[in-house]
Amino acid sequence: MGAERAAALASTTGGMGGFWTVAAVGVVVLASGCGEPADPPSAAPSPSPPTFANPAEYASPDSRYPQWGFLTPSSTWVCVIADYPSNGNRAACALNPDEGPLRFQNMPPAQAPDPGGDPSRPNVIAVMESADAGFLSLGRPIWESAGTPRTLPAGTVLQTGGFTCKTQVSVVSCRDDQTGKGFTVSPNGFGLTYIDLP
Numbered sequence: 002m003g004a005e006r007a008a009a010l011a012s013t014t015g016g017m018g019g020f021w022t023v024a025a026v027g028v029v030v031l032a033s034g035c036g037e038p039a040d041p042p043s044a045a046p047s048p049s050p051p052t053f054a055n056p057a058e059y060a061s062p063d064s065r066y067p068q069w070g071f072l073t074p075s076s077t078w079v080c081v082i083a084d085y086p087s088n089g090n091r092a093a094c095a096l097n098p099d100e101g102p103l104r105f106q107n108m109p110p111a112q113a114p115d116p117g118g119d120p121s122r123p124n125v126i127a128v129m130e131s132a133d134a135g136f137l138s139l140g141r142p143i144w145e146s147a148g149t150p151r152t153l154p155a156g157t158v159l160q161t162g163g164f165t166c167k168t169q170v171s172v173v174s175c176r177d178d179q180t181g182k183g184f185t186v187s188p189n190g191f192g193l194t195y196i197d198l199p
């Protein structure tokens, strides 16, 4: 460093002693950032495994065939998993309490698998065993027992009869366990695919 530059530095830092003080402080500051590495950030907690309902608690006490039913936590949907000997096993949901017509935009045509059904007034969304999900028009209630089925708590899985259903407050998703085909329905819309709800 030139003599003029050294003199200027000495005069602005209180002589060379001040320079060393400033330099020493810089070393201390730098040294304080060194040392043991900081603990890594904790990983996000892994999602907890789903809660499975006991199918016996949701079984119909007086149906003519094996049937398990539930309400969503909001009571918007009544759903069943049923073993129908004549027209196929299925998981199905309808509006609660009247099982009235479903009125979603872009709904595919409905099937009417039993007498009294009107294909122009679909009232059930369902996935049939080994078939695609879709809409049905039934002339009878899907829950064929006296009284109302139990509520399936949000985030709980009901798995029985070859089908799986899972709820959130007013959303339900069901699938055929063999094919993976299914549906998801809420008051605002539907999808003809199963979603593993949180």
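Numbering (our numbering), first residue to last: 2 to 199.
We put the CB at the ideal spot given by N, CA and C, even for glycine.
Alpha carbon to alpha carbon, what distance is there between residue j and residue i?
{"i": "Leu198", "j": "Arg65", "result": "31 Å"}
{"i": "Asn189", "j": "Ala95", "result": "14 Å"}
{"i": "Thr180", "j": "Ala92", "result": "13 Å"}
{"i": "Ser75", "j": "Thr185", "result": "15 Å"}
{"i": "Pro62", "j": "Pro142", "result": "16 Å"}
{"i": "Cys175", "j": "Trp144", "result": "16 Å"}
{"i": "Ala132", "j": "Leu193", "result": "12 Å"}
{"i": "Pro120", "j": "Thr168", "result": "27 Å"}
{"i": "Asp177", "j": "Thr165", "result": "7 Å"}
{"i": "Met129", "j": "Gln106", "result": "22 Å"}
{"i": "Arg104", "j": "Phe191", "result": "10 Å"}
{"i": "Ala54", "j": "Ile82", "result": "13 Å"}
{"i": "Ala111", "j": "Asp99", "result": "18 Å"}
Kindly list the residues whose CB is nearer than 6 Å to the CB of residue i, restricted to its own chain and excluding five residues on each side of it in sequence; keep chain order.
{"i": "Thr22", "result": "Low confidence applies here, because Thr22 scores a pLDDT of 36, under 50, leaving its location unreliable and the question unanswered by this model."}
{"i": "Tyr195", "result": "Ser174, Arg176, Gly183"}
{"i": "Ala127", "result": "Arg91, Ala93, Leu137"}
{"i": "Ala32", "result": "Here Ala32 scores only 44 on pLDDT, less than 50, and its place in the model is too uncertain to base an answer on."}
Please look up how many angstroms separate the CB atoms of residue i and residue j, rounded, as I've assumed it's under 8 Å.
{"i": "Thr77", "j": "Gly156", "result": "Actually they are not in contact, since the Cβ atoms of Thr77 and Gly156 sit about 16 Å apart, beyond 8 Å."}
{"i": "Tyr59", "j": "Trp69", "result": "4 Å"}
{"i": "Pro50", "j": "Leu159", "result": "Going by Cβ atoms, the distance from Pro50 to Leu159 rounds to 15 Å, so no, they are not a contact pair."}
{"i": "Asn90", "j": "Gly162", "result": "6 Å"}
Near residue i, which residues of its chain fall below 7 Å by C-beta distance, leaving aside the five closest residues on each side in sequence?
{"i": "Gly101", "result": "Asn124"}
{"i": "Leu139", "result": "Asp115, Gly118, Asn124, Val125"}
{"i": "Pro109", "result": "Gly135, Phe136"}
{"i": "Ser187", "result": "Ser171, Val172"}
Got a sec: does the ligand SAH put a non-hydrogen atom nearer than 8 Å to the Cβ of residue i?
{"i": "Leu72", "result": "Summarising the ligand content, the structure contains no ligands, and the ligand SAH is consequently not present."}
Name the two residues that bound the continuous beta strand (DSSP E) containing residue i.
{"i": "Asp177", "result": "173 to 177"}
{"i": "Trp69", "result": "68 to 72"}
{"i": "Gly135", "result": "134 to 137"}
{"i": "Tyr165", "result": "Per the sequence shown, residue 165 should be read as Thr rather than Tyr. Unbroken beta strand (DSSP E) run through Thr165: 164 to 168."}
{"i": "Thr161", "result": "157 to 161"}
{"i": "Thr185", "result": "183 to 187"}
Looking only at its chain, what residues have a beta carbon closer than 8 Å to the beta carbon of residue i, apart from the 5 residues adjacent to it on each side?
{"i": "Leu72", "result": "Trp78, Val79, Cys80, Asn97, Thr149, Pro150, Arg151, Thr152, Leu153"}
{"i": "Ser146", "result": "Ser61, Pro62, Asp63, Ser64, Gln68, Gly70"}
{"i": "Ser170", "result": "The identity of residue 170 in the sequence shown is Val, whereas the question assumes Ser. These residues qualify, in order along the chain: Thr73, Pro74, Ser75, Ala155."}
{"i": "Pro38", "result": "Bear in mind that the predicted position of Pro38 carries a pLDDT of just 49, short of 50, making it too unreliable to give a figure here."}
If you measure from the beta carbon of residue i to each beta carbon in chain D, is any gap under 9 Å?
{"i": "Gln160", "result": "The structure shown has no chain D; it contains just one protein chain."}
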